[in-house]
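> Structure incoming, see below.
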Amino acid sequence: MTAALAHSYPIYILLGALLCSTCASESTYMLVDLTSASNATRVAVNAAAGLMNRYSPAVFTIQSSYDVLWQGRLLPNATFNSVTPSAFIASSLGGFPIIVYNDSELYSLPAVMTLAGVMGAVPMEHSMWTNEFPNATVQFNAAGAWPNQAESLQFVSQLALNQTTSVAFQRPTDLVQGQLVDFIVGGRLFVQYLTEGCIPGTTEHMLLKDIVDSSPWPRPIRVYGYNGLDDLFGEDLFAAETGCVNTMGQVATEQATNLQFWTGISPIGPNETMQQRPAEPVVYNASKVYVALVYGDMDNIDFVQTFGSDHMEYRVQQCGGDRPLNASNRCFPLTWTLSPNLIQFSPQMMRWYFGMAHTTMRDWIIMPPSGTLYAYPGMMDNATQAQYVLDQTAQAAIMNTSGSVHWEWFFAWDVYFPRYTTLPAEVHTTRAFFLNDVPYVLPIPDMTLEGITYRFVGNASDPTSVVGLRPLFTWQEGAPGGGNTTQVAGMINNLATGSVQYLYVIQNSNMQSVFDLVSMLHDDVELLSYEQLVSAARQRETQQHSFS
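Throughout the sequence shown, residue numbering follows mature numbering (1 follows the signal peptide of the UniProt record, and there is no 0), covering -25 to -1, 1 to 523 in sequence.
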């Protein structure tokens, strides 16, 4: 670890050691520093690392200062033996063949990465092969093999589709830099980035649909990488993937690092659940204004691995330790979102976030948009939607949470939520949905027109009922229309007494700005955790019906 990359937070080092009590104290891994490596080297090293990490963790790469941070946070007792990128590639070629590609043929890279995973081979740029590793065993030479991406994908789907495990939307410009290559190759993902793959009526959409329909991938299909191809009102139209093919949902991982490595580190135990502090009871008072602050969009693993952890550290610096709970509003209740897919491919990272949140006694974690995946489950077919509920329920139990942010496309709300009301009260599942329309410049029309801020499916007094809560505002500081702290505080302060509502804070808003916002709120505004807000809504609804 170089001084330039190291951070010094003693409380976090101690907490990391505590959270890693289940890690093997004498585990030894290879360490490859790629911070100054060429693109071709990054591709080869990440692919070889993915193959080596496929069955057990063996190789860790440093690609940014955040990799150094996570190395220290989660594996403080491990031994890392540094290997140069060139020496690592050379040693890997003793066990793996190569697939040759030209970096001038970017369109071929999705097919090359798919073949590398299925064939257990290292993708190698043509000049690297001829100049540095001419004796490598060539499994397949993709240089000049196809004229375009569509033909390359047709070839690969016929040859290897049934040997892949899921799909990735990953830009060729990301692939040529080695981004997500370890997870793609190690996990045997089918990779594509057809520019018109999600546009109905196009040849590329028909090709993608045929590939998906013919695939062996479990439904709902977990799509890795990120689809930023088509824009509407400033939003990536098909980022959630469900509008592209209605059996798919996104696990945003475009620039995530070392996923294949973290997958094998201390998997979630069969009876393991995350620790969350029980929220204190709240008694609804009609003279109060009740608001929950929800820090959003942590479905994106890129954010989880980078500035999301910075914000969590800042929060703990302000509110951790033995500070009194009412210390000048510094420790106001805050609800975070966090990807449930960390259960699969970064369980130690999930434990870190939950451990940090638990130290403040004022932080809670729910699922991000839209639960198990960033998707629009209301658009899914019946069988896929039913499985979606089962997947989300299983993850909710492990995360020990009953809440989820839920984004849906326009009007498809009512077909999905009733599925949760059929689950018995003793089943730990999602009972509270923090809603947002997509694109979220549009309000939730019927709730807005009716002037309601929440709606129950089922009787509010029934523990099996679920509630959907409409946001007051989706706050992205610095974005057009995002509003500054004074403006957003004014919106909250102007809410009618008796209101029950939440504010959705887009994840790249400055955490200090959230503290500044809270300092401007009036005395009648009471900030609550997500469970407390749901309790207030249940009490308010029950009281209104009892007097009607």
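By construction, the Cβ of each residue, glycine as well, lies at the ideal position given by its N, Cα and C atoms.
For PRO352 and ASP366, what's the separation of their Cα atoms in angstroms?
Whole-angstrom Cα-Cα distance: 12 Å.
> Classify TYR505: buried if its beta carbon has 16 or more other beta carbons within 10 angstroms, exposed otherwise.
Under this definition TYR505 is a buried residue.
> For GLY172, which option in GLY203, THR238, GLN362 has the closest C-alpha, if you only look at C-alpha atoms?
The residue with the shortest Cα to Cα distance from GLY172 is GLY203.
> Taking C-beta to C-beta, are ASN28 and ASP149 nearer than 9 Å?
Cβ distance not < 9 Å, so ASN28 and ASP149 don't count as in contact.
> Counting Cβ pairs, one atom from each stretch, are 3 or more of them under 8 Å apart for the segment 247 to 263 and the segment 227 to 238?
No, the segment 247 to 263 is not in contact with the segment 227 to 238.
> State the DSSP-derived secondary structure class of LEU(-21), mapped to helix, strand or coil.
Bear in mind that a pLDDT of 30 at LEU(-21), under 50, signals an unreliable position, so the model cannot answer this.
> In the structure shown, what three-state DSSP assignment does GLN114 receive?
Three-state DSSP puts GLN114 in a strand.
> On the three-state DSSP scale, how would you describe PRO446?
PRO446 falls in the strand class under three-state DSSP.
> Can you list, in chain order, the residues of its chain whose CB lies under 8 Å from that of GLN293, leaving out five sequence neighbours each side?
Counting only Cβ-Cβ distances below 8 Å, and skipping sequence neighbours, we find ARG305, CYS306, PHE490.
> Quick one: is GLN38 buried, meaning 16 or more other Cβ sit within 10 Å of its Cβ, or exposed?
Under this definition GLN38 is a buried residue.
> Exposed or buried, which one is MET355 when buried takes at least 16 other CB atoms within 10 Å?
With 16 or more Cβ atoms within 10 Å of its Cβ, MET355 is classed as buried.
> Could you tell me the boundaries of the beta strand (DSSP E) in which THR36 lies?
Looking at the DSSP string, the run of the beta strand (DSSP E) that includes THR36 is 34 to 37.
> In the DSSP assignment, what residue or residues form a beta bridge with ALA57?
At residue 57 the sequence reads Ser, which differs from the Ala that was named. Note: SER57 sits in a beta bridge opposite LEU6.
> Rounded to whole angstroms, what's the CA-CA distance from ARG194 to ARG48? Just pull it up for me.
The straight-line gap from Cα to Cα measures roughly 34 Å.
> Measure how close the beta-carbons of ILE74 and PHE115 come, nearest whole angstrom, since I'm counting them as under 8 Å.
Their Cβ separation, rounded to whole angstroms, is 5 Å, which keeps ILE74 and PHE115 in contact under 8 Å.
> Who are ALA143's beta bridge partners in DSSP?
Answer is VAL166, TYR199.
> Tell me, please, which residues DSSP counts as bridged to MET99.
MET99 pairs with VAL75.
> Looking only at DSSP bridge pairs, what is ASN411 linked to?
According to DSSP, ASN411 bridges with TRP382.
> Here's a check: name, in chain order, each residue in its chain whose Cβ is nearer than 6 Å to the Cβ of GLN124, leaving out the five neighbours to either side.
The residues are TYR82.
> Exposed or buried, what is ASP389 when buried is set at 16 or more other beta-carbons lying within 10 Å of its beta-carbon?
The residue is exposed, with fewer than 16 neighbouring Cβ atoms inside 10 Å.
> Among the candidates PRO315, LEU309, SER314, whose CA atom is the shortest distance from the CA of ASP338?
Comparing Cα positions, the closest option is LEU309.
> Roughly how many whole angstroms lie between the Cα atoms of MET287 and THR335?
Taking the straight line from one Cα to the other gives about 10 Å.
> Could you spell out the range, first to last residue, of the alpha helix (DSSP H) harbouring LEU424?
Counting along the chain, the alpha helix (DSSP H) containing LEU424 begins and ends at 420 to 425.
> Determine whether the beta carbon atoms of THR89 and THR170 lie at a separation below 9 Å.
Going by C-beta atoms, THR89 is not nearer than 9 Å to THR170.
> Taking ARG290 as part of the alpha helix (DSSP H), name the residues at either end of that continuous run.
ARG290 -> alpha helix (DSSP H) spans 282 to 294.
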